[in-house]
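One structure below.
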Amino acid sequence: MAAGIAFGLVISPMGAAVADPRPTLRQAKAKLEKLNDKADKVVDRYNTATERLKDAKASYAKLNDTYKRKLETVAALRTQVVDMAVNAYQLGGDVASWPGMVGADNPGDMLAGMALAGQLSQERAGKLAAFDRENRGLKAERDKAETALAKADKERDEVEKERAEVRKLITQQKKLLDRLGAYNPGNPNSGGIKYTGPASGSAAAVLRFAYAQVGKPYIFGGTGPRGYDCSGLTQAAWRAAGVSLPRTTWQQWAWGARRKVEIKDLQPGDLIFSSGLGHVSIYAGNGQIVHAPQTGDVVKVVKLSAYGGTLVGAVRP
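Residue numbering for the sequence shown follows our numbering, starting at -12 and increasing by one per position.
As structure tokens, this is what we get:
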């Protein structure tokens, strides 16, 4: 029997045959394949949550900046209104109702009443109208910013949840890979290999980039340059050709909804989706793909026919 293959039975001290609790290599490989498929989907959920968090944080930052600017505008207009009230008082005008208006959330009704009563000049009415308009919008902007912040907090929690699940799966994958003697840490500084396939134009640029990453480690959430996950590699490779792809596998599939091609019609540079849309690779021509497979492996070139994932379809960017 080959070295390293576990026997299915061991002999107990009493002489009785008992089942060996350790998995055989075949069982370990089967379990690893299932873990890899599950990890693909969880990593994509992690990437999706990360993208939503980035969008939520950007939205909050933009809305909060708008709120702050409006707050400054309202403060400046409030100062002008107070100055007008003081000036009216010094000139003996009727300012009894000004303090209440300045402190009101919506002083528009009071403003309209004063204008009808002839207590305001056109210039003062214009300044007060501006104050009223900006003051009305202030609360709305604040509420928008607070809603965006709450969304960002929720997305952050989702990212952490998915990150914890990924790390748990990675621990299980590494244990099995160590048992199989198949863990490959890769080289973050790998110079890759030269692409000599049939691609031309943009596809050639894509594949030159992807082949230059061969040997670099698979890293969940990785977008380079020291390591990649599957969709991180496809995104970076097509970016090198001037095409902006979305970040996640699901997003890339949806992005290519009108660019789908049959597997039998593949051309170099096409994106191949598999494992229930949990994985994406790049067709290199001559029946080969280049991809970032899973934890414990590296960016590599393999035959499409040897790839074990169930093919879903392909997209031509």
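Note that the Cβ used here is the ideal one computed from N, Cα and C, for glycine as well.
Enclosing alpha helix (DSSP H) for residue i [first to last residue]
i	result
Q222	C217 to R226
Proximity to residue i [Cα-Cα], best of the options
i	options	result
A127	Q160, R245, K55 and E152	K55
G346	L220, P280 and D284	Residue 346 cannot be examined here, being either before or after the span of the chain that is shown, -12 to 304.
L253	A223, L40, L19 and R303	R303
Q281	E38, N171 and K57	N171
A36	G274, A301, R234 and K247	R234
R213	T236, K28, G179 and G263	G179
N34	A228, P204 and G265	G265
K290	A62, A301, G274 and T297	G274
T53	E38, D130, K28 and R39	D130
P175	S261, A279 and S218	A279
Beta strand (DSSP E) segment containing residue i, residue limits
i	result
V193	Where V193 is concerned, there is no enclosing beta strand (DSSP E), although the alpha helix (DSSP H) it sits in stretches over G188 to A199.
A241	That residue, A241, is in no beta strand (DSSP E); its alpha helix (DSSP H) goes T236 to W242.
G300	L298 to V302
F260	L258 to S261
I276	Q275 to H278
I269	H266 to G272
K290	K287 to K290
Distance between beta carbons of residue j and residue i, contact taken as under 8 Å
i	j	result
V277	V288	5 Å
A192	G211	In fact, because the Cβ distance is near 15 Å, the residues do not count as touching under 8 Å.
Opposing strand residues paired with residue i [DSSP bridges]
i	result
T210	Y215
Y205	Y215
K247	V302
Residue i: CB within 8 Å of a non-hydrogen atom of the ligand HEM
i	result
G274	This structure does not include the ligand HEM; it has no bound ligands of any sort.
(message) Quick check: the stretch 258 to 275 against the stretch 141 to 153, are at least 3 beta-carbon pairs closer than 8 Å?
(response) no
(request) May I ask you to verify whether the stretch 128 to 144 touches the stretch 40 to 57, counting CB pairs closer than 8 Å and requiring at least 3? (result) yes
(request) Taking 8 Å as the threshold, find out whether the stretch 240 to 253 comes into contact with the stretch 155 to 170 through three or more Cβ pairs. (result) no
(message) Would you call the stretch 13 to 25 in contact with the stretch 184 to 204, where contact means no fewer than 3 C-beta pairs closer than 8 Å?
(response) no
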